[in-house]
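Comments concern the structure below.
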Amino acid sequence: MGAGLFTAAIVPWVRQLGLRWGLTDEPDPRKQHQTPMVRLGGIGIVLGFCLALTVTWLLGGFGSLPTSRDHLIWSTLLGGLAFFAIGLSDDLFSLPPLPRLGLQIAGAMAMWSQGVKIGSITLPFDSSLSLALPDWLSLLATVIWLVGITNAINWLDGLDGLAAGVSGIAAVGLLSVSFSLHQPGAGLLAAALAGACLGFLRDNFNPARIFMGDGGSYFLGFSLAAISLVGPAKELTTVSLLLPLLILSLPLADMSAVIMGRVSDGRSPFYPDRRHLHHRLLRAGFSHRRTVVLIYAFTQWFAALALVAANAEMRFLWLALATGVLVWIVVSSRRELLEEAEQLNAPSDAADGQPQPPVLMQRNSPH
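First residue of the sequence shown? That's 92 in the numbering used here, and the numbers climb one at a time after it.
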């Protein structure tokens, strides 16, 4: 709650400074917005998150945590700040893709050296036996995990409120799973991240007044990835790895599909195009808001599946509720789409007396 209040209070101030200094994202044919938008909202997310953790620490909220977990919390925070700095540099100076990727890999390697890593495999048939990964394999797995999820969230940031909402839902999922697995350190981080996302949505949901920029999306992506490593997936077990994979399955699947599509066309994986899930939903005729809400619905359903996999209390109740929400949103979205098509066809039908084929609403390209 504190992170949400801090973020909601800071973001309007960041927006005013961005407008005053001319630090805006200009419209172009690939983007959804038609007016210059400040893209420094990530500053508000980061400050809200950091202030919430600092206040919790000052009030003794870290006192019950083991020293090792205390260290991992601060390491995760420092890593998030490093990834935010990489994204902010891109926002301000438009870094080329390969230098950005190199900086991300370097940051992930630094986090590995601080203990934010995948270090062992617990044998699925006997949880008392574990197989330590050699350093090179542990490093490789950790870098792929941290960098992959960071970019998955960054690529998802194509519509107002999409990345912030999905990240917030994922953080709530990690919060629930962490406490179910008795991982209070990860739960504390996830709670602060969920609050920061909620506070940012006040100004970012459609129609947005500010964008988070690459700084914000890098921070959210890295934080989600790191929280899952210091919590549910601290050991690389069949079940524990499944939990963050389920929660983050939609952005990861979207990124994987986009990369495979670009590579199959002989293009660079970094080549911008309109293959993302939100692009496809927009082309299908769904409105901006409806597209975002649909993706929210699927994300919360996958998070509920993770609760079932974690054997959380009332897990089947949460899954039933999540399924009900998903079905209701899908059905209502389909109905809205059909009603829009009928309304668009009505004037032409009246004009010539002939039925017309359905016409889907044309929309601008998302940013």
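Using N, Cα and C, we set each Cβ at its ideal position, and we do this for glycine too.
DSSP, reduced to helix, strand and coil, places T126 outside both helices and strands of the structure shown, so it counts as coil. When only Cα atoms are considered, L253 and F313 end up about 17 Å apart.
Inclusion of L429 and L410 in the CB contact set at 8 Å is not warranted, their separation being larger than that value. Contact annotation: D294 and R106 have beta-carbon atoms nearer than 8 Å. A261 places its beta carbon less than 8 Å from that of A394. Counting the other CB atoms within 10 Å of its CB gives Y309 a total of 16 or more, which places it among the buried residues. The distance from the Cβ of G304 to that of A94 is about 19 Å, inconsistent with a contact at the 8 Å cut-off. Secondary structure of L222 (DSSP, three-state): strand. Pairing A281 with L265 gives a Cβ-Cβ distance under 8 Å.
Per the C-alpha coordinates, the member of G322, L179, L385 and D116 positioned closest to L368 is L385. A Cβ-Cβ contact shorter than 8 Å links S269 with G322.
For Y387, the enclosing alpha helix (DSSP H) begins and ends at H379 to A400.
In this structure the segment 344 to 359 does not touch the segment 158 to 175; the number of beta carbon pairs closer than 8 Å is below three.
Collapsing the DSSP output to three states places S166 in a helix. According to the DSSP assignment, D356 belongs to no alpha helix (DSSP H), since it is labelled neither H nor E.
For S204, the uninterrupted alpha helix (DSSP H) run begins and ends at P188 to S204, by DSSP. Partner residues in the beta bridge of D116, as assigned by DSSP, are M128.
Linking G210 to L222 through their CA atoms gives a straight-line distance of about 9 Å. Here S211 carries a strand assignment [DSSP, helix/strand/coil]. Rounded to whole angstroms, L142 and V421 show a C-alpha spacing of 38 Å.
For R406, the CB contacts under 6 Å within the same chain, skipping 5 residues up- and downstream, are L398 and V399 in chain order. Shortest Cα-Cα distance from R160 to any of G256, T382, Q274 and G249 involves Q274. In this structure, DSSP gives R426 a helical state, which the three-state scheme calls helix.
In the displayed model, R366 falls within coil according to three-state DSSP, outside both helix and strand. L237 sits close to A199, with the two beta carbons spaced by under 8 Å. For G322, there is no enclosing alpha helix (DSSP H), as DSSP marks it with neither H nor E. Counted as a single uninterrupted DSSP element, the alpha helix (DSSP H) harbouring L142 occupies residues G133 to L149.
Between the alpha carbons of I244 and A432 lies a gap of roughly 32 Å.
Look at A282 here: in three-state DSSP terms it is helix.
Distances from the CA of E404 to each of S271, G306, Q205 and G307 were compared; the closest alpha carbon is that of S271.
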